[in-house]
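Asks: All letters in the sequence shown, in the order written, are residues -19 to 1182 by the working numbering.
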Amino acid sequence: MGVFEPVDTTYDFPALEEKVLAFWKRERIFEKSLEQGRARGGQRFVFYEGPPTANGMPHNGHVLTRAIKDLFPRYRTMCGDFVPRKAGWDTHGLPVEIEVEKELGIRGREAILEYGVEPFTRRCIENVFRYTSEWERLTERIAFWIDLPQAYVTYHTPYIESVWWALSRLFSKGLLYRGHKVVWWWTKGGTALSAGEVGEGYKKVNDPAATVRFPAVTEGPAEKDGLVFLAWTTTPWTLPSNLGLAVGAEIEYALVELDEEPGTRYVVAAESVARIFGKRAHRVVEQRRGAELVGLRYTPPYAFEKPAAGDPWRVVAGDFVTTGTGTGIVHLAPGFGEDDYRTAKDAGLGFVQHLTPSGVFPPVAKPFAGLGFKEADPQILKDLEQRGLLFAREIIAHDYPFCPRADKDPLIQYARESWFIRTRQFKEELVANNRAIEWFPEHIKEGRFGDFLANNVDWALSRERFWGTPLNIWVNDVTGAMDCPTSVAEILQRNPQAFDKFEAARAADPALNEHLKVHKPWIDEITWTKSGEAGTYRRVPEVIDCWFDSGCVPFAQFGFPHSGVEAFREAFPADFISEAVDQTRGWFYSMLAVSTLVFDQETRERYGLRGESYPHPYKRCIVLGHVCDRDGIKESKSKKNYTPPSVILSAVRMPMTVVVAGDARFQELLAKKVPQRGQLGLTRDDLEGLDLQRKDCRVQLELGGKVLRELQPLDLDKAERWVAAGGGNDHRHVAVLSSEQAAELGAKSGDVATFVDPTPAPGGDAFRWFFYASNPPWNNTRHSLAGVRQAQKDFLITLQNVYSFFVIYANIDGYDPARRSALDPLAERSEMDRWILSELHLTVRDVRAHMDGWRLYEAAQRLGRFVDSLSNWYVRRSRARFWSEGQSADKLAAFDTLHTCLVSFARAIAPFTPFFAEELHQNLLVRPLGQRAPASVHLASYPEADARFIDEGLSRRMAAAREIVSLGLSVRSDARLKVRQPLRSARVAVADAELRSALAGLTGVIADELNVKLVDLVADASTWVSYTCKPNFKALGPKVGKLMPLVKDAVLKADPARLREELQLRGACEIAVASGERVELTPAEIEVALEAKPGFAAASGAQSVVLLETEVDETLFGEMLARELVNRIQGVRKDLKLDYVARIDVALSASEKLAGAVEAHRELIAAETLARSLRVLANPGASAREVAIEGESVLLAVEVVS
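#1: My parser needs the beta strand (DSSP E) runs of 3 or more residues fully inside the stretch 440 to 464; what are they?
#2: Suppose only complete runs of 4+ residues qualify. What are the alpha helix (DSSP H) ranges in the stretch 1009 to 1039, listed by chain order?
#3: Is residue 1128 buried or exposed, if buried means 16 or more other CB atoms sit within 10 Å of its CB?
#4: Within its chain, find whatever has a CB closer than 7 angstroms to the CB of residue 448; leave out the 5 residues flanking it on each side and keep chain order.
#5: Whole-angstrom Cβ separation of residue 545 and residue 587, contact assumed at under 8 angstroms?
#6: Tell me whether the beta-carbon of residue 904 lies closer than 9 angstroms to the beta-carbon of residue 798.
#7: Can you check whether the CB of residue 950 is closer than 9 angstroms to the CB of residue 992?
#8: Quick check on DSSP: helix, strand or coil for residue 345?
#9: Assuming the contact rule is C-beta atoms closer than 8 angstroms, residue 691 and residue 638 should be a hit. Round their C-beta distance to whole Å, please.
#10: Which of the three DSSP states, helix, strand or coil, is assigned to residue 832?
#11: From 556, 895, 781 and 1136, pick the residue whose C-alpha is nearest to that of residue 418; which is it?
#12: Residue 818 and residue 946 - do their beta-carbons sit closer together than 9 angstroms?
#13: Tell me where the beta strand (DSSP E) around residue 634 begins and ends.
#14: Would you decide whether residue 174 is buried or exposed? Buried here means 16 or more other CB atoms lie within 10 Å of its CB.
#15: Looking at the strands, I want to know which residues DSSP matches up with residue 390.
#16: Quick one: what's got a C-beta closer than 6 angstroms to residue 1062's C-beta in the same chain, skipping five residues either side?
#17: Taking CB distances under 9 angstroms as the criterion, tell me whether residue 829 reaches chain C.
#18: Spell out the partners DSSP gives residue 68 in its beta bridges.
#19: Which same chain residues end up closer than 8 angstroms to residue 359 when comparing Cβ atoms and leaving out the 5 residues on each side of it in sequence?
#20: Excluding the 5 residues preceding and the 5 following residue 211 in the sequence, name in chain order all residues of the same chain whose CB lies nearer than 8 angstroms to its CB.
#21: Using beta-carbon positions only, say whether residue 107 and residue 35 come within less than 9 angstroms of one another.
#22: Quick one: using the 10 Å Cβ neighbour count with 16 as the cut-off for buried, is residue 805 buried or exposed?
#23: Under the three-state reduction of DSSP, which class applies to residue 103: helix, strand or coil?
#24: So is residue 270 buried or exposed if we call it buried at 16+ other beta carbons inside 10 Å?
#25: Looking at C-alpha atoms only, which residue of 373, 496 and 751 is the closest neighbour of residue 98?
#26: Less than 6 angstroms between C-beta atoms, sequence neighbours within five positions excluded: which residues of the same chain meet that for residue 429?
#27: Excluding five sequence neighbours on each side, which residues of the same chain lie with their C-beta closer than 6 angstroms to the C-beta of residue 214?
#28: Ignoring anything shorter than 4 residues or poking outside the stretch 923 to 975, list the alpha helix (DSSP H) runs there in chain order.
#29: Take the Cβ of residue 1189 as the centre, count every other Cβ of all protein chains shown within 10 Å, and call the residue buried at 16 or more, exposed below.
#30: Classify residue 1159: buried if its beta carbon has 16 or more other beta carbons within 10 angstroms, exposed otherwise.
#31: Let me check one thing: in DSSP terms, what residues is residue 608 bridge-paired to?
#32: Tell me the DSSP secondary structure of residue 543 in three-state form.
#33: Which residue wins for smallest C-alpha separation from residue 871, given the options 733, 667 and 796?
#34: Is the beta carbon of residue 444 closer than 9 angstroms to that of residue 89?
#35: Please report the straight-line C-alpha distance between residue 179 and residue 382, rounded to a whole angstrom.
#36: Could you check what DSSP says for residue 278 in three-state terms: helix, strand or coil?
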């Protein structure tokens, strides 16, 4: 056994990652990384964890956020910073309440009150950590290093006391007030929602829209006779509460008569006439400005009761009225719209609200009493139609908000007494704070987030719910005076017996959670009086928006200001936060708003907070896109259009509903695709989503201890999958079996079996890398198991193959880096070694620059390009050096170089793929060097570029050579010339003389790669090719406009060889058009095609033209046969799992041509295959296997030399 542990070549990355996890735990590597950063006096890098809710299962979106949130703290730690990372849990609010309601089988506020608030909040506190173990396991499996044991919890008393302190600051400044305002209201839940919450729940829906007649009152001036106002609404249920009609004072209105309704004059905006009346015969009899209509009275569609105060049912002016949709006249129901409420209040129309908070019409609205608001829509329209008040009706598609936590419940705007924060008053400060934040992508600053701030409204803070931070305002029931304590201690100062009842209950029941004392209903029972003041102080009943909880994260995680003052000072503001794009109205806003309002200059100075006035509480934010399915649709639990994280992280296992094809209801439909023995019918979605379209893929199905193995997936088309769903409860995941297989498994239609793909899952590193390398993180990512596997193949598996190659040959040769005390000077290294070391340091330089600029996608792309260079160029070009006999200086230099690359690269990728980086570090550095190496790659410093190793000229030369090789291989592919077929020559035309000269030393490399005997560098290819040029009309159109015909003519008449040479030399070419003007064209604006002359094949690149001589003579063909034979022998070696250094004897049957090739190239074949003997026999023996070489059947026998 050599110095290095042999590499597992099964690509079982989850098993490797479990091994690394055990090492990290055993050696406390995360803790040591923090201790090391603190001990070294590293600069503090502050990160805030956006608290997830642990009462729901984590999904792929959480993997994305945690992968990004781990990357930069790891990187900054390796750069020497001290990066504490405190976890957190968001534990209040509707998500928890709704889950508990489901558990209890109840729904709505009244049902909770009937159940009992005390037992309900107990159930809530039990529910909040239902899936903690799943969250912690996911966190561990994707290597998100964060301090879970010291996590802040939003229901804990110290956290709530911090929130109370923030509220008291707002209260003392007069920024917290109670008002009767229109809020977004969830009728089923009986509570208001904030603008941020509302923004989460918009859906495209079809709703009824109606144009309703409002006849003018005819008493008074005769001119009002026959006048009818038309108003359009998408909420018919608000019509019973109508109190006014709004017009735009400066808008022109038309009075329109229909031929079919003589004497009636309809009033609509002049701009809307054609849209409203269409083809109906009509004429405009008069036009008036809206201001002339103000004050006119009308008969409302419903007048169940007149407002207690006010003068209703009049036309008033509204500054919000537009003519883009509707009629230009807006029906006003002040109980159900912010503009309606404000306009009605200003005009003195009064107030009615014929809908209860639960969304039901009250008894006063007799025709509709007891109906829910959406139920009432068709009844109201029917009633209006019967009474001749419905002018038109339609169905419209529009975006409408639903409760984000109960997405079947539409929200309504509802005037309600609530508590608000005066955030609108601080609009300028919020905007200024936002402008100082570094946003990624930048457009969020002035776009999505900036727009939200610009249209900011007062924060609807209170919730008429049960499980949340209680609003800490006590009101004197006689005087109305208010008190706002900030802590349990301050409450005890007011009433020393405040918590006695709770403590007695806890003594009787130790299971009563200590933190419930600051929650409903216990906190509601606390009262106090003040000496010399009449009345008793009682708490208001509301709890607060849980977004305010999360907005207090920067300071509440430390219990500030009651404790943790110094800890907060050191951690404010954050250097970095990151969450998904929908948090622009959520956590990003709540933190910014709380911090801006609470931490004014006076407060900052009082507590000695660091930094400039702005930004706070965070300096920069990476906004993440959504995780979507393969079709680009956002993954969601309701759509079931996702692959669970566990399938990617641990094992490809899925519950599937069994469908037995033999059942009568499926037999006819599935007749064409009934699975046979050894097959498993699956939907196209699962075949693609579970990456089952791989060649030779075999899966299994398990049920009740029985297993069907080695099943070949059978594709069922999309039409069939829906009928197949009739056999179970989940159309997304069905497994269709033949009757015989079902009997063997003991399964019937509707059973839920476990599907298993034995191929190892990609694992945590691959999952992370997929998100880093797929696209910039703020773009939406199309996610699938196949996509993760492809990302893994391109990067991790390629890197593992290099790693495995090194370990195999290093162990064979006994290479030990610990004994290589003096490496060869750089100048004495081969060009290939110097090139890859230059590439390594260029990569480190670029990755550092990208990471310091928060460009993680570009950093990942750069790392990926280095792996490609290392594997597909350096190792492939250097194999002969590693395979050579003995211990030559060149061979040792190759080992030194590859070892250096792998060890340095392990540190470079450690923040990205922490598991595999650790594997490389442990085996390649710690194992040979012991304590001389850092105990973990995550305790090592991030590599730094060393200018002494960088040779940009060499890198450019090699890049040009690789481009030529790539171009030459594409020529081979297009000409259908196998790579193993040697060719006589290649001519490479390079117009740039300097580059052509630089490439002279690489012609041998190019010849070897292209498998040609000779490479000739020339300045011009016109001897062997002809060119044609034509303009790219699509690209040129916007640029040249009307000149296009002249440009086209000039391009077609120009010398194409000259244009191409000019494009190559300076990246553009110039042409003169007939009008006398000169036009410059870029490579994107002109298409250059070439055609090779007979006997050659060619292709053109950015800097060169490659021509291959295509004629193949007998000698060249014979060499190709020899190379094909080498390939077949190597295949047999692999099948026999032979040791890499095992010698073999080879015997084969061969035609005269093949036998001649064997004889002519015996040494080549023997050297490549480690063959001791190579014999051509009529009968190679019983162990021979049949292989095909150029259409010839060959018997090939390989025996290991004992």
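Here a beta-carbon is modelled for each residue, glycine too, at the ideal position from N, C-alpha and C.
Replies: Once the coordinates are examined:
#1: 454 to 456
#2: 1013 to 1020 and 1024 to 1033
#3: buried
#4: 72, 73, 523, 524 and 526
#5: 7 angstroms
#6: no
#7: no
#8: coil
#9: Contact doesn't hold; Cβ gap of about 13 angstroms is too wide.
#10: helix
#11: 556
#12: no
#13: 632 to 640
#14: buried
#15: 382
#16: 1048
#17: Checking the listed chains, one finds no chain C in this structure; it contains a single protein chain.
#18: 132
#19: 347, 348 and 351
#20: 191, 192, 194, 225, 306, 307, 309, 310 and 311
#21: yes
#22: exposed
#23: helix
#24: buried
#25: 496
#26: 564
#27: 187 and 189
#28: 932 to 955
#29: No answer is possible for residue 1189: it lies beyond the span of the chain, which begins at -19 and ends at 1182.
#30: exposed
#31: 614 and 762
#32: coil
#33: 796
#34: yes
#35: 9 angstroms
#36: strand
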